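Asker: Pasting a structure here, questions to come.
Numbering (our numbering), first residue to last: 14 to 772.
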């Protein structure tokens, strides 16, 4: 918070008393969007900028608790939010968490409910039953009210005090002031009735409102119980993901023996046996065996996938038939399951742009309500019918109680939490709430080819050599250079050379990152390997015979790679990459929904058009550099389009970051996934249609919640103030106001939960 503070050892900031952090960590941290009270800042972490690191930090340092309305609040133990007073909840929900607060509230509610009922019955019917004189009845109501107010209501008064101390007025400020006013007035009326004028006397005693105080507390407690139970369901998606992970793994030791070990004892490189019916313990590669693996719990794909030697396995997926031996590659927080949980948790805590209006209103809401309550008290006291000041007190209490800023604050966070969980269960990961809100507005989709439209596992087809070179020599040189490249085409070339038994050598001065190919030195010769754009940069002329061969192969859908040696063309290599089985269906679905589909690929234009023709994509750009993809995104945006970019490679990262919504393939590179706002776990483009549908449903749900919250408060507060009394004679009892207030937040959450079951 105060970057001017520097010292060479850990400690606390002398200005705000926050723990100092290492300078490299502080440099990546942005400030929270919401002002945090002074005594809460020690536990506050940024709401943006560093939000991607929070789940990992939580996993490594223990459970971190945060507020669903103010995600910048962080602390290492349960408690209440110092801004809004809501109960903090785990940043990453615990599958086996014991909700102490829920049990505590239930105990307080049920133990004091008989006292509340007794006070209510006495207040409503005591004068008719004639069991006690009215003065004695006031004392009895006082005694019966004490357990409800002082014990059951204690958490509410404590939150009210914290809100005043932290200068963060919230719902508990209103409830605390309202119930305190009703209870303290009634205590004085019972203990010292003579201080009130005769106009306050009703049915032989000064009117008391113990029943209003205790019923408000009991109903508020009931509302909190309902809200806590409903909020726990919004995290059910993450809990279900956590339950997927097996507890143990069967490790094969160096001596050939096998033993079952706890999952956290599995290390990278361990050999593990996965028997039929067991879950894959961690991410890794099959080294022996063949089986069908059900990955539906993570990818949403219902058909089991056949796994053979060399295929990758995802932790927590189910081995359905044969036995497998695998080598672990990613364990702990590095597994796909852990990353999914972390990404979903991060998205759930992000703020939707639509929430900004609600935040602005809620920030002033409580002060406005208190002002309205004070005005209600004096207007009724000065101009109302007798007993006017009693009417003023009761209506002021009703105004304080019925107002519910939590309904505004929870309107979008609850929808976001449920939507991200629903999306994750269908193989779609949203990085933040802004992506959910923006995806529905996309009208243009730019798609990369290799690894996005195609399988991303190309196979080498053939090599055509120029005079002076042989096909095997062309393949050997290209594969030697490509050993340092991450591109799927490079992997196919290297794999083919090794299968042929060609002797590969280490490349010197390797260069990659242009997006059009790679450069380097092999056997003392300067090599350039890439598309025609790279050849033009190198000043290499493509001869007519090789150009004709290249066009023929491109027309068949192959990707062509040119190899230049010491500034002269040595040959071309053809690599084929089959189109994904689901791509055609996905493209047709997206086009039917009104999306404009554009293909932009680094492959040759002829190859790109051949693939585009097969898929029904008319707008195709070939031999596109990373900067060209970025320029294409910017051009379409300048024309007024809302652009999404789908890709999987490092060369797609700039365009993914610049697009209104970046969509990364979960089968692609980490750079691409870190640049996108949406990740498709399986790389299935049908997930884009799913994400658009979820985006539409979620935005509609958020609008419903916000409308409900605004309408509820806009109508409820004036009615509680008594604006209808001159016309209808209606007044709103504080008890009815408490019931309405308690149900308002629960109603917002229940409406958000509808997203879980929507098909």
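For each residue, glycine too, the CB sits at the ideal point set by N, CA and C. Please read these numbers as outputs of a predicted model, since none were measured by experiment.
Pull up the distance between the alpha-carbon of residue 291 and that of residue 285, whole angstroms please.
Answerer: Straight-line Cα distance between these residues: approximately 12 Å.
Asker: Enumerate in chain order the residues of its own chain whose CB-to-CB distance from residue 343 is below 8 Å, with the five nearest sequence positions on each side excluded.
Answerer: Once the five neighbours on either side are set aside, the close Cβ partners of residue 343 are 281, 295, 296, 297, 328, 349.
Asker: Which whole-angstrom value describes the C-beta separation of residue 584 and residue 507, a residue pair presumed to lie in contact below a C-beta threshold of 8 Å?
Answerer: Actually they are not in contact, since the Cβ atoms of residue 584 and residue 507 sit about 16 Å apart, beyond 8 Å.
Asker: My understanding is that residue 122 touches residue 234, with C-beta atoms under 8 Å, so please give their C-beta distance in whole angstroms.
Answerer: Confirmed, Cβ separation roughly 4 Å.
Asker: Can you tell me which of the three DSSP states residue 154 falls into?
Answerer: Three-state result, residue 154: helix.
Asker: Tell me the rounded alpha-carbon separation between residue 416 and residue 193.
Answerer: For residue 416 and residue 193, the distance between alpha carbons rounds to 16 Å.
Asker: What three-state label does DSSP hand residue 95 in the structure shown?
Answerer: Here residue 95 sits in coil by DSSP.
Asker: Using the C-alpha atoms, what's the distance from residue 78 back to residue 67?
Answerer: Because the pLDDT of residue 67 is 37, which lies under 50, any placement of that residue in the model is unreliable, and the number read from its coordinates should be weighed accordingly. Roughly 11 Å separates the two Cα atoms.
Asker: Let me know if residue 38 comes out buried or exposed under the rule of 16 or more other beta-carbons within 10 Å of its beta-carbon.
Answerer: Residue placement at residue 38 is flagged as unreliable, the pLDDT there being 44, under the threshold of 50; the coordinate-derived value follows with that caveat. Exposed, since its Cβ has fewer than 16 Cβ neighbours within 10 Å.
Asker: What separation, rounded to the nearest whole angstrom, lies between the Cα atoms of residue 432 and residue 669?
Answerer: Each residue's Cα considered, the two are about 22 Å apart.
Asker: Among 382, 232, 98, which residue has its Cα nearest to the Cα of residue 730?
Answerer: Nearest of 382, 232, 98 to residue 730, Cα basis: 382.
Asker: Would you mind working out which of 537, 524, 558, 557 sits nearest residue 543, comparing C-alpha positions?
Answerer: Closest by alpha carbon: 524.
Asker: What does a CB cutoff of less than 7 Å around residue 166 pick up in its chain, not counting 5 residues either side in sequence?
Answerer: These residues qualify, in order along the chain: 192, 230.
Asker: Using a C-beta cutoff of 7 Å, does residue 100 count as contacting chain C?
Answerer: Absent here is chain C; the protein component of the structure consists of one chain.
Asker: Ordered along the chain, which non-local residues of its own chain (more than five positions away) have a Cβ less than 6 Å from that of residue 675?
Answerer: Only 658, 669, 688, 689, 690 meet the Cβ criterion.
Asker: Would you list the one or two residues that DSSP bridges to residue 88?
Answerer: Bridge partners of residue 88: 78.
Asker: By the 10 Å Cβ neighbour count, where 16 or more other Cβ atoms means buried, how is residue 322 classified, buried or exposed?
Answerer: By the neighbour-count rule (16 or more Cβ atoms within 10 Å), residue 322 is not buried but exposed.
Asker: Whose C-beta lies closer than 6 Å to the C-beta of residue 630 among residues of the same chain, with five residues either side of it excluded?
Answerer: Counting only Cβ-Cβ distances below 6 Å, and skipping sequence neighbours, we find 610, 612.
Asker: With a threshold of 16 other CB atoms inside 10 Å of the CB of residue 713, please say whether the residue is buried or exposed.
Answerer: Flag for residue 713 reads exposed.
Asker: Is it true that the CB of residue 118 sits closer than 7 Å to the CB of residue 265?
Answerer: Contact: no.
Asker: Curious, which full-length beta strand (DSSP E) runs of at least 3 residues does the region 621 to 648 contain?
Answerer: As far as the region 621 to 648 is concerned, its whole beta strand (DSSP E) runs of at least 3 residues are 632 to 634.
Asker: DSSP on residue 482, reduced to helix/strand/coil?
Answerer: If DSSP states are grouped into helix, strand and coil, residue 482 belongs with coil.
Asker: Since residue 480 and residue 502 are thought to touch, with beta carbons under 8 Å apart, how far apart are those beta carbons, to the nearest angstrom?
Answerer: Between residue 502 and residue 480 the Cβ distance is about 25 Å, and since that is not below 8 Å, they are no contact.
Asker: With H, G and I counted as helix, E and B as strand and the rest as coil, what does DSSP make of residue 277?
Answerer: Looking at residue 277 - three-state DSSP - the assignment turns out to be helix.
Asker: Is the CB-CB distance between residue 455 and residue 655 below 7 Å?
Answerer: Their beta carbons are under 7 Å apart, which means residue 455 touches residue 655 by this criterion.
Asker: Within its chain, find whatever has a CB closer than 7 Å to the CB of residue 496; leave out the 5 residues flanking it on each side and keep chain order.
Answerer: Result list for residue 496: 507, 517, 520, in chain order.
Asker: Going by CA-CA distance only, name the one from 236, 453, 392, 636 that's closest to residue 708.
Answerer: The shortest C-alpha separation from residue 708 is found at 453.
Asker: For residue 593, count the other beta carbons within 10 Å of its own beta carbon; 16 or more makes it buried, fewer makes it exposed. Which is it?
Answerer: Label assigned to residue 593: buried.
Asker: Quick one: Cα of residue 158 to Cα of residue 211, how far?
Answerer: Cα-Cα distance, rounded: 25 Å.
Asker: Given a threshold of 16 other Cβ atoms within 10 Å of its Cβ, counted over all protein chains shown, does residue 591 qualify as buried or as exposed?
Answerer: Label assigned to residue 591: exposed.
Asker: What residue does the beta strand (DSSP E) around residue 534 start on, and which one ends it?
Answerer: Where residue 534 is concerned, the enclosing beta strand (DSSP E) stretches over 530 to 535.
Asker: Return the residue from the list 467, 666, 697 that minimises the CA-CA distance to residue 589.
Answerer: Out of 467, 666, 697, 467 has the C-alpha closest to the C-alpha of residue 589.
Asker: For residue 347, write down the residues that DSSP places opposite it in a beta bridge.
Answerer: DSSP, once it has assigned bridges, lists no residue as partnering residue 347.
Asker: What are the start and end residues of each continuous beta strand (DSSP E) run of 3 or more residues lying completely inside the region 686 to 763, in chain order?
Answerer: Qualifying beta strand (DSSP E) stretches, in chain order: 691 to 693.
Asker: Would you list the residues sitting across from residue 543 in a DSSP beta bridge?
Answerer: Its beta-bridge partners are 530, 575.
Asker: Quick check: residue 633 and residue 622, are their CB atoms within less than 7 Å of each other?
Answerer: Yes; because the gap between Cβ atoms is below 7 Å, this pair is in contact.
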